[in-house]
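**Student:** Handing you this structure, nothing more for now.
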């Protein structure tokens, strides 16, 4: 598990006075990109290895509102890598350690031409790094 | 079922050349707000009746990419209203009638003070209107 | 002059209860892209002709707030095309015909390789179409 | 002068492969809010003192593109405080110390009821703090 901190921005709030719910999906990407970089598989390294991993699904369950200028800690778990597919879960907490959002995303690994890749077979270094999260 | 059309904007695309996946969550809100207005329960009417219905969860399954300047038709179904809760599903299609995204959102009805409301009991006109979708 | 209508979305508001000021820059793009398409120079036609026109500057003066679900009419004027440069101004009005924002953007015309293009000399059809706005 | 660092996010890019130009306006707000907090006048303190300072204008001149995952350093200068008005300028630089964007924003100080405030006269502590930037 790795943790990423997002500072809620003023422009992320809506007229209800809280973070607009669509932003949590963006924070998931922020957390994911940051953790991948941390384990040596940042976007540039992925590109050099001709690997892309588009999002195939997302889901968010909102537990408590957040707002500017809250700090949100996002715990990221690689739940499963099976074949060319990966599932990540996210646990987002406010400064009081209360869960504000539980989320997940699913991804598929492909090369630049769209051919599916199995990390365990086609890129064992990436597979190992992901499992170290 | 009601349909809403969203025109994908240039600023909704990302460097992969397609619509960034977080925008579909915003289109769900656009479609929902537009349909509610169409059935006589626009945001202003909800407010006058002291009813709010925050989003408690969302999920999206991405089937095919879209990009600027695609037209996306969003079919909206009120799946279930049970107690104070409502589930809506969304079927998004491109101009070739191909499904691009399947999504759902869950909501809870409350008054302005946060007290749960049951549309069937507390606001039968809203309940009936929602069931007419 | 051409007019484009934008419906303010809920997700465009902020916790002050009004449209976040950054969105007006996006509406300028929406209006521009829509008008270009209307005069036969949509994004796809530009691409086929290997022409891009990135934004080199923007400015907005905010006169009155707007909020969801306002309708904003955006009048677009091609102020000047000089050499490879174009300046567009925008006058945004609410339903009461009050000015809510005065804005401008500057653009440069280039081919796909980044070589500057002068519409009057290099693409007279585009030049004429732009002047017809 | 104070400096704020923004990490460009993937979701801030567009299909041209670079940061969408509307995001710079958001970064200006990020930088401003962060610097205000740093000098002891964060959003919460402003609210406690019943002071708001809405944006009345923005302008950006784009010099060089940025993209994910660039780091952008934003230098913020309080250019002028005259009566109830303040002008801030921003100089944004990439990791090579090249200017990527020159920007400015104008603000007005008001109390919660919309009455104009002159920081020098009505809130000398804020005036002094702003001038220390």
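Residue numbers (this note's numbering), protein chains in the order written: chain Y, -13 to 119; chain H, -13 to 119; chain F, -13 to 119; chain W, -13 to 119. Here a beta-carbon is modelled for each residue, glycine too, at the ideal position from N, C-alpha and C.
Give the interface partners of residue 53 of chain F over in chain Y, defined as CB-CB distance under 8 Å, in chain order.
**Tutor:** Sequence index remark: in the third chain, residue 53 of chain F carries index 67 (1-based). Residues of chain Y passing the Cβ test: 1.
**Student:** Could you tell me the alpha carbon to alpha carbon distance between residue 27 of chain H and residue 109 of chain H, rounded to whole angstroms?
**Tutor:** Your numbering for residue 27 of chain H matches position 41 in the second chain. Your numbering for residue 109 of chain H matches position 123 in the second chain. Rounded to the nearest angstrom, the two C-alpha atoms are 12 Å apart.
**Student:** Alpha carbons only, please: which of Y:63, Y:77 and Y:35 is nearest the one belonging to residue 50 of chain Y?
**Tutor:** Stepping through the first chain from its first residue, residue 50 of chain Y is reached at position 64. Closest option to residue 50 of chain Y, Cα to Cα, is Y:77.
**Student:** Based on DSSP bridge pairs, tell me the residues matched to residue 25 of chain Y.
**Tutor:** Sequence index remark: in the first chain, residue 25 of chain Y carries index 39 (1-based). Looking at the DSSP assignment, residue 25 of chain Y forms no beta bridge with any residue, so it has no partner.
**Student:** Along the chain, where does the alpha helix (DSSP H) containing residue 115 of chain H start, and where does it finish?
**Tutor:** Within the second chain, numbered from 1, the residue matching residue 115 of chain H stands at position 129. Unbroken alpha helix (DSSP H) run through residue 115 of chain H: 110 to 117.
**Student:** When the distance is taken between beta carbons, is residue -10 of chain F closer than 8 Å to residue 39 of chain F?
**Tutor:** Here residue 39 of chain F refers to the residue found at position 53 of the third chain. Here residue -10 of chain F refers to the residue found at position 4 of the third chain. Result no, Cβ atoms of residue 39 of chain F and residue -10 of chain F do not sit closer than 8 Å.
**Student:** Rounded to the nearest angstrom, what separates residue 98 of chain F and residue -5 of chain W at their Cα positions?
**Tutor:** Along the third chain, read from residue 1 onward, the residue named residue 98 of chain F stands at position 112. Along the fourth chain, read from residue 1 onward, the residue named residue -5 of chain W stands at position 9. Rounded to whole angstroms, residue 98 of chain F to residue -5 of chain W spans 25 Å at the Cα level.
**Student:** Check whether the Cβ of residue 68 of chain F lies closer than 8 Å to any Cβ atom in chain H.
**Tutor:** Here the question's residue 68 of chain F lines up with position 82 in the third chain. No - not a single Cβ of chain H is within 8 Å of the one on residue 68 of chain F.
**Student:** Short of 7 Å in beta carbon distance, which residues of its chain neighbour residue 36 of chain F, apart from the five on each side in sequence? Order them along the chain.
**Tutor:** As a first step, residue 36 of chain F must be located in the third chain, where it is residue number 50. Taken in chain order, the residues that qualify are 97 and 98.
**Student:** Exposed or buried, what is residue 103 of chain W when buried is set at 16 or more other beta-carbons lying within 10 Å of its beta-carbon?
**Tutor:** For the purposes of this step, residue 103 of chain W is identified with residue 117 of the fourth chain, where counting begins at 1. So residue 103 of chain W counts as buried.
**Student:** Taking the alpha-carbon positions, what's the residue 57 of chain W to residue 80 of chain W distance?
**Tutor:** To locate residue 57 of chain W, count along the fourth chain from 1; it is residue 71. To locate residue 80 of chain W, count along the fourth chain from 1; it is residue 94. So the two alpha carbons sit approximately 6 Å from each other.
**Student:** Check whether the Cβ of residue 85 of chain F lies closer than 7 Å to any heavy atom of the ligand SAH, and answer yes or no.
**Tutor:** Although the ligand SAH was asked about, the structure shown includes no ligands whatsoever.
**Student:** Answer with buried or exposed for residue 14 of chain Y, where buried requires no fewer than 16 other C-beta atoms within 10 angstroms of its C-beta.
**Tutor:** One-based indexing of the first chain puts residue 14 of chain Y at position 28. Buried, by the Cβ-count rule.
**Student:** So, using beta-carbon positions, are residue 112 of chain F and residue 55 of chain F closer together than 8 Å?
**Tutor:** Here residue 112 of chain F refers to the residue found at position 126 of the third chain. Here residue 55 of chain F refers to the residue found at position 69 of the third chain. Taking 8 Å as the Cβ cut-off, residue 112 of chain F and residue 55 of chain F do not qualify as a contacting pair.
**Student:** Determine the chain Y residues that contact residue 48 of chain H at a beta-carbon separation under 7 Å, and present them in chain order.
**Tutor:** Start at 1 with the first residue of the second chain, and residue 48 of chain H comes out as number 62. Here the neighbours are 41, 42 and 43.
**Student:** Which of helix, strand or coil does DSSP assign to residue 15 of chain W?
**Tutor:** Here residue 15 of chain W is taken as the residue at index 29 of the fourth chain, counted from 1. Three-state result, residue 15 of chain W: helix.
**Student:** Leaving out five residues on either side along the sequence, give the residues of the same chain with a beta carbon under 6 Å from the beta carbon of residue 59 of chain W.
**Tutor:** Taking the first residue of the fourth chain as position 1, residue 59 of chain W is located at position 73. Cβ within range, chain order: -11, -9 and 79.
**Student:** Say whether chain F places a C-beta atom closer than 8 Å to the C-beta of residue 118 of chain Y.
**Tutor:** Within the first chain, residue 118 of chain Y is the residue found at index 132, counting from 1. For residue 118 of chain Y, the answer is no, since every Cβ of chain F falls outside 8 Å of its Cβ.
**Student:** Please state the DSSP three-state secondary structure of residue 0 of chain W.
**Tutor:** Walking along the fourth chain from the start, residue 0 of chain W turns up at place 14. Here residue 0 of chain W sits in coil by DSSP.
**Student:** Kindly identify the DSSP beta-bridge partner or partners of residue 48 of chain W.
**Tutor:** The residue given as residue 48 of chain W occupies position 62 in the fourth chain. Residue 48 of chain W is bridged to W:87.
**Student:** Below 7 Å between beta carbons is the criterion; list the residues of the segment 3 to 37 of chain Y that meet it against any residue of chain H, in chain order.
**Tutor:** Listed in sequence order: 7, 8, 11 and 12.
**Student:** Taking the CB atoms as reference points, tell me whether residue 67 of chain Y and residue 30 of chain Y lie closer together than 8 Å.
**Tutor:** Position 81 of the first chain, counted from the first residue, corresponds to residue 67 of chain Y. Position 44 of the first chain, counted from the first residue, corresponds to residue 30 of chain Y. Result no, Cβ atoms of residue 67 of chain Y and residue 30 of chain Y do not sit closer than 8 Å.
**Student:** Smallest Cα separation from residue 89 of chain H: which of H:4, H:1 and H:17?
**Tutor:** If you number the second chain from 1, residue 89 of chain H lands on position 103. Of the listed residues, the one whose Cα sits closest to residue 89 of chain H is H:17.
**Student:** Compare the Cα-Cα distances from residue 61 of chain H to each of H:10, H:70 and H:5 and report the closest residue.
**Tutor:** For the purposes of this step, residue 61 of chain H is identified with residue 75 of the second chain, where counting begins at 1. It is H:10.
**Student:** Report, in whole angstroms, the separation of the C-beta atoms of residue 75 of chain F and residue 5 of chain F, which I expect to be a contact under 8 Å.
**Tutor:** Your numbering for residue 75 of chain F matches position 89 in the third chain. Your numbering for residue 5 of chain F matches position 19 in the third chain. Not really, about 20 Å apart at Cβ, beyond 8 Å.
**Student:** Give the residues of chain F in contact with residue -3 of chain H, contact being defined as C-beta atoms less than 7 Å apart.
**Tutor:** Counted from its first residue, the second chain places residue -3 of chain H at position 11. What residue -3 of chain H touches in chain F: 12 and 15.
**Student:** Nearest CA to the CA of residue 64 of chain H: which residue from H:119, H:93 and H:32?
**Tutor:** Counting from one through the second chain, the residue named residue 64 of chain H turns up at place 78. With distances taken between Cα atoms, residue 64 of chain H lies closest to H:119.
**Student:** Look up residue -8 of chain Y in the DSSP assignment and give the residues it is bridged to.
**Tutor:** Taking the first chain and counting its residues from 1, the one referred to as residue -8 of chain Y is at position 6. Answer is Y:58, bridged to residue -8 of chain Y.
**Student:** Please classify residue -2 of chain F as buried or exposed, where buried requires at least 16 other C-beta atoms within 10 Å of its C-beta.
**Tutor:** Against the third chain, residue -2 of chain F aligns to sequence position 12. With 16 or more other Cβ atoms within 10 Å, it is buried.
**Student:** Does the Cβ of residue 83 of chain Y have 16 or more other Cβ atoms within 10 Å, making it buried, or fewer, making it exposed?
**Tutor:** Within the first chain, numbered from 1, the residue matching residue 83 of chain Y stands at position 97. Exposed, since its Cβ has fewer than 16 Cβ neighbours within 10 Å.
**Student:** Evaluate residue 72 of chain F with the Cβ neighbour count: other Cβ atoms within 10 Å of its Cβ, from every protein chain shown; 16 or more gives buried, anything less gives exposed.
**Tutor:** Residue 72 of chain F sits at position 86 when you count from the first residue of the third chain. By the 10 Å Cβ count, residue 72 of chain F comes out buried.
**Student:** Excluding sequence positions up to five away, which residues of its chain have a Cβ less than 6 Å from the Cβ of residue 92 of chain H?
**Tutor:** Here residue 92 of chain H is taken as the residue at index 106 of the second chain, counted from 1. Correct list, in chain order: 42, 43 and 73.
**Student:** Go through its chain and collect everything with a Cβ distance to residue 48 of chain F's Cβ below 7 Å, but skip five positions before and after it.
**Tutor:** Translated into the one-based positions of the third chain, residue 48 of chain F becomes position 62. So the list reads 7 and 87, once near-sequence residues are dropped.
**Student:** How long is the line joining the alpha carbons of residue 25 of chain F and residue 115 of chain F, rounded to whole angstroms?
**Tutor:** Residue mapping note: residue 25 of chain F aligns to position 39 of the third chain, counting from 1. Residue mapping note: residue 115 of chain F aligns to position 129 of the third chain, counting from 1. One C-alpha to the other measures close to 6 Å.
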